[in-house]
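What follows is one structure encoded as structure tokens, with my remarks underneath.
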Amino acid sequence: MFKKILIANRGEIATRIIWACRELGIRTVAIYSEADRDSLHVRFADEAWCIGPAPSTKSYLNIPMVISAAEIANVDAIHPGYGFLAENAYFAEVCERCNIKFIGPSPECISLMGDKARARATMKAAGVPITPGFEGIVEDERDALRIADEIGYPVIIKASAGGGGRGMRIVRNRNEMLASLPAAQHEAQLAFGNPAVYIEKYIEQARHVEIQVLGDRHGNMVHLGERECSVQRRHQKLIEESPSPALTPEMRRRMGEVAVEACREIGYVNAGTMEFLLDENKNFYFMEMNTRIQVEHPVTEMVTNTDLVREQILIAAGERLEFDQDDIIFSGHSIECRINAENSRTFAPSPGLITAMNIPGGPGVRTDTAAYPGWYVPPHYDSLIAKLIVHHRTRDMAIARMQRALDAMIIEGIDTTVSLQQQILADADFIAGNLSTRFMERFSNPRPAAQGAAE
Ligand code: MV4
Numbered sequence: 064m065f066k067k068i069l070i071a072n073r074g075e076i077a078t079r080i081i082w083a084c085r086e087l088g089i090r091t092v093a094i095y096s097e098a099d100r101d102s103l104h105v106r107f108a109d110e111a112w113c114i115g116p117a118p119s120t121k122s123y124l125n126i127p128m129v130i131s132a133a134e135i136a137n138v139d140a141i142h143p144g145y146g147f148l149a150e151n152a153y154f155a156e157v158c159e160r161c162n163i164k165f166i167g168p169s170p171e172c173i174s175l176m177g178d179k180a181r182a183r184a185t186m187k188a189a190g191v192p193i194t195p196g197f198e199g200i201v202e203d204e205r206d207a208l209r210i211a212d213e214i215g216y217p218v219i220i221k222a223s224a225g226g227g228g229r230g231m232r233i234v235r236n237r238n239e240m241l242a243s244l245p246a247a248q249h250e251a252q253l254a255f256g257n258p259a260v261y262i263e264k265y266i267e268q269a270r271h272v273e274i275q276v277l278g279d280r281h282g283n284m285v286h287l288g289e290r291e292c293s294v295q296r297r298h299q300k301l302i303e304e305s306p307s308p309a310l311t312p313e314m315r316r317r318m319g320e321v322a323v324e325a326c327r328e329i330g331y332v333n334a335g336t337m338e339f340l341l342d343e344n345k346n347f348y349f350m351e352m353n354t355r356i357q358v359e360h361p362v363t364e365m366v367t368n369t370d371l372v373r374e375q376i377l378i379a380a381g382e383r384l385e386f387d388q389d390d391i392i393f394s395g396h397s398i399e400c401r402i403n404a405e406n407s408r409t410f411a412p413s414p415g416l417i418t419a420m421n422i423p424g425g426p427g428v429r430t431d432t433a434a435y436p437g438w439y440v441p442p443h444y445d446s447l448i449a450k451l452i453v454h455h456r457t458r459d460m461a462i463a464r465m466q467r468a469l470d471a472m473i474i475e476g477i478d479t480t481v482s483l484q485q486q487i488l489a490d491a492d493f494i495a496g497n498l499s500t501r502f503m504e505r506f507s508n509p510r511p512a513a514q515g516a517a518e
């Protein structure tokens, strides 16, 4: 087993990883930027190294600095968390070459799934349902028009190097295609340094449902059910839950089996998530695979009574999974609210000093956070400052529990999404489980400033 792990991250996920290490008796090394000197992950780690100035390109994304800290601290492994270097195949490879275990899948799996067009072709070959479309890159306008005519409009153009919704364009007819294709290619080049795009059928009114998998180095692979992530705005998830109100136990079993088979096929090791679209007729289609621990992993932990970060560490150390598929019992319902430091109406970031804060507790309530009263939320990073997670026997009871927990989540000095989440939890469609990726459209049409002023 590892004796010492470096956590190449900050914020709530860094402290979350420290808790798992503590329980395993593993020493922890934090790295931090100049903007994070007063962060909780620095305080709670056994050791901490400042690796650079505030901008993440100069600190948390600076591979030579991260590796230097790991070498000096003499760690056995690095946990990348999510974001930053978590899905950087080159970083995973550098770790390997430096004889430091990367707590995640192989560089090959990371780069395969990072290329969304290749991932799609690979999943199709593995028997996973994918949306109608073509598996290759679109060459030019003629190619795009031919493909779109064949699959029928609306279609969606996606950047092959993209993911998470960045660089996507919905196209409803031939005319739109003529304008959207070059724009999408240009955007992809600017954002990802790669203009490659592909086209698939656009599924309207879909749900975003993802399956959690875990695989060890000994060929054991399990799924831990699904997370429903349809409540999102601008591809930022706001609320996640497990189980999905849309899945029957039979569908869960089928989607889980498909995910496990596909992961077996590509020799996947560690924690991973397969994202699916679920259409109105409950057909499911593979979208992309995330090769990291995800922000919303706690809802899965609550309903399966597992510790996914602990499992990630054990798997990376070469241990066998502690349970097999039949040992995983799904129990109750869990909901997570992502508390962001931002204006709940405009979603503009709201960094600054937290003047007062209360962290909710009580039965079935969990708060994952690195924020505290007196902490200055730096403007340089993601605006996620806390995750409020509840668990109860039924969905209705979990909703009531989340409502009372949100009421107790007091954060003063900065704007947060709490008030928006209170509104969503009281919404009739949310309560009925009527969700789709268009759910938030009703909530989040910030009026232009001129109109807002006239209110
Ligand atoms: C789609 C789609 C509908 N049809 N692909 C968004 C994130 C990335 N994983 C892929 N995403 C989508 N891909 C097809 N063929 C719908 C989404 C999607 C979405 C699209 C527009 C607005 C909000 C969305 C939220 C989740 C998923």
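Counting in this note's numbering, the sequence shown runs from 64 upward without gaps.
All C-beta atoms, glycine included, are put in the ideal place defined by N, C-alpha and C.
Beta-carbon proximity check, residue i vs residue j, cutoff 8 Å
i: G496; j: P258; result: no
i: E304; j: V362; result: yes
i: R401; j: L498; result: no
i: I94; j: W82; result: no
i: D99; j: W438; result: no
i: A419; j: P436; result: yes
i: I269; j: D370; result: Here residue 269 turns out to be Ala, not Ile, going by the sequence shown. Against a cut-off of 8 Å, the Cβ pair of D370 and A269 comes out as no contact.
i: A254; j: R229; result: yes
i: I89; j: I70; result: no
i: G115; j: S131; result: no
i: S407; j: D478; result: yes
i: A433; j: H142; result: no
i: A468; j: N421; result: no
i: L277; j: L148; result: no
Per-residue burial, residue i [other beta carbons within 10 Å of its own, 16 or more giving buried]
i: K179; result: buried
i: E159; result: exposed
i: G196; result: buried
i: E324; result: exposed
i: S122; result: buried
i: N368; result: exposed
i: Q484; result: buried
i: Y153; result: exposed
i: S243; result: buried
i: S293; result: buried
i: L287; result: buried
i: S482; result: exposed
i: R183; result: buried
i: C161; result: exposed
i: D459; result: exposed
i: K221; result: buried
i: T120; result: exposed
i: K345; result: exposed
Residues near residue i by beta carbon distance below 6 Å, same chain, minus five either side
i: P312; result: none
i: D203; result: none
i: Y216; result: R235 and N236
i: E250; result: G230
Residue i, DSSP secondary structure in three states
i: M128; result: helix
i: F506; result: coil
i: Q275; result: strand
i: T194; result: coil
i: K66; result: coil
i: V372; result: helix
i: F347; result: strand
i: M231; result: coil
i: V157; result: helix
i: M352; result: strand
i: A189; result: coil
i: L148; result: coil
i: S293; result: strand
i: E239; result: helix
i: P412; result: strand
i: Q299; result: strand
i: S122; result: coil
i: A211; result: helix
i: A512; result: Residue placement at A512 cannot be trusted, given a pLDDT of 39 that sits under 50; the coordinates are not used to answer.
i: H281; result: coil
Own chain residues within Cβ distance below 8 Å of residue i, not counting five before or after
i: T457; result: G395 and H396
i: D389; result: none
i: E156; result: P170
i: E110; result: R90, T91, V92, A93 and A136
i: R296; result: F410, M503, F506 and S507
Own chain, CB closer than 7 Å to residue i, minus 5 neighbours either side, in chain order
i: I76; result: G144 and Y145
i: A590; result: The chain is shown from 64 up to 518; residue 590 falls before or after that span and cannot be answered.
i: G427; result: V453, H454, H455 and R464
i: P412; result: A404, E405, P442 and S446
i: E359; result: R290, C292, K300, E303 and E399
i: V372; result: R79, I80, A83 and I356
CB contact check: residue i to chain B, cutoff 8 Å
i: C84; result: Here there is only one protein chain, and chain B is not present.
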